[in-house]
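Asks: Terminal number for the sequence shown in the numbering used here: 692, no gaps in between. Even for Gly, the Cβ is constructed at its ideal location relative to N, Cα and C. Could you have a look at this structure, given as structure tokens, before my questions?
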Amino acid sequence: MNYGVLLDCQTSRVLAVSSNYPALVFVKNCTQDTLCSFSVDWPSYKKFFFSDFFLISEKPESLPNWVWDWNNRIFKETKPDLVSELLIKSARLSSEKLRVINSIMRMISVARFEVSTGVMLQESVYTAKRMQASEFKRLGYNEDLIADYPYVFQYADFLESTFQQAADEILLKAKFDDDLLAKTELLRLIYFDKVKKADSIKQLQPILDDFIRVSFTNALV
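Here's what the structure looks like:
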């Protein structure tokens, strides 16, 4: 597992740490004067079977004590009294945002497993099937043209059904997928924005609690 860190631009002090790079980038994009560095545990910090990257065990308010040395790819510890209260506050808020957005990302991804097959390029196949079924239906299910719609032909043969039934079945499944994705996309838009705009730690846990409540209400998680 490779870790990344969120750094203060001016001092290269650590504000947050995570192995979830998209979550780390999200927090960077809503935190002024920050940047990310990735794979910071390589090559200087070796992990053993029962141990993890050392910064993971640090409390958020202690993270700014560590400065990232870009050239040597190591962290250097400094005295706490050299760290400003502003950076400590930023580290606490950034780390909490990271925790909350990581949970939201994970739960949305789990909900979307329903429309994922885990097979490479399957999404492209589904898109082509849907387009062919839609076009076949638009042309009145004209069976004289079925050679132009191999996915519909193939699915009808698999179902042992008519071409019209196969096309309608493809479109119905696509609609179910669209409905699920639309629900999760709306949640993503709403709660990503709430996390982004949060300017205090006390706002963040209620955002996550509300996200979980709404997700369960909509049977998404």
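Does the beta-carbon distance from A637 to Y626 come in below 7 Å?
Replies: In this structure, Y626 lies closer than 7 Å to A637 by Cβ.
Asks: Within 10 angstroms of its Cβ, does P514 collect 16 or more other Cβ (buried), or is it exposed?
Replies: Exposed, by the Cβ-count rule.
Asks: With a CB to CB cut of under 6 Å and the five nearest residues on each side skipped, what residues in its chain are close to S566?
Replies: So the list reads A487 and P531, once near-sequence residues are dropped.
Asks: With distances taken between CB atoms, is the gap from W539 to L478 smaller than 7 Å?
Replies: It is a contact, given that the beta carbons lie within the stated cut-off.
Asks: Could you tell me whether the stretch 578-589 touches the stretch 647-661, where touching means 3 or more Cβ pairs closer than 8 Å?
Replies: Yes: the two stretches touch, three or more of their Cβ pairs being nearer than 8 Å.
Asks: If you run the structure through DSSP and keep just helix, strand and coil, what is T633?
Replies: T633: coil per DSSP, three-state reduction.
Asks: So the beta strand (DSSP E) E548 belongs to, where does it begin and stop?
Replies: Start and end: I545 to E548.
Asks: Helix, strand or coil: how does DSSP classify S580 here?
Replies: S580 falls in the helix class under three-state DSSP.
Asks: Within 8 Å, do at least three Cβ pairs link the stretch 629-644 to the stretch 655-672?
Replies: With the cut-off at 8 Å, the stretch 655-672 and the stretch 629-644 do not touch.
Asks: Roughly how many angstroms separate the alpha carbons of V554 and F497, rounded to a whole number?
Replies: The straight-line gap from Cα to Cα measures roughly 24 Å.
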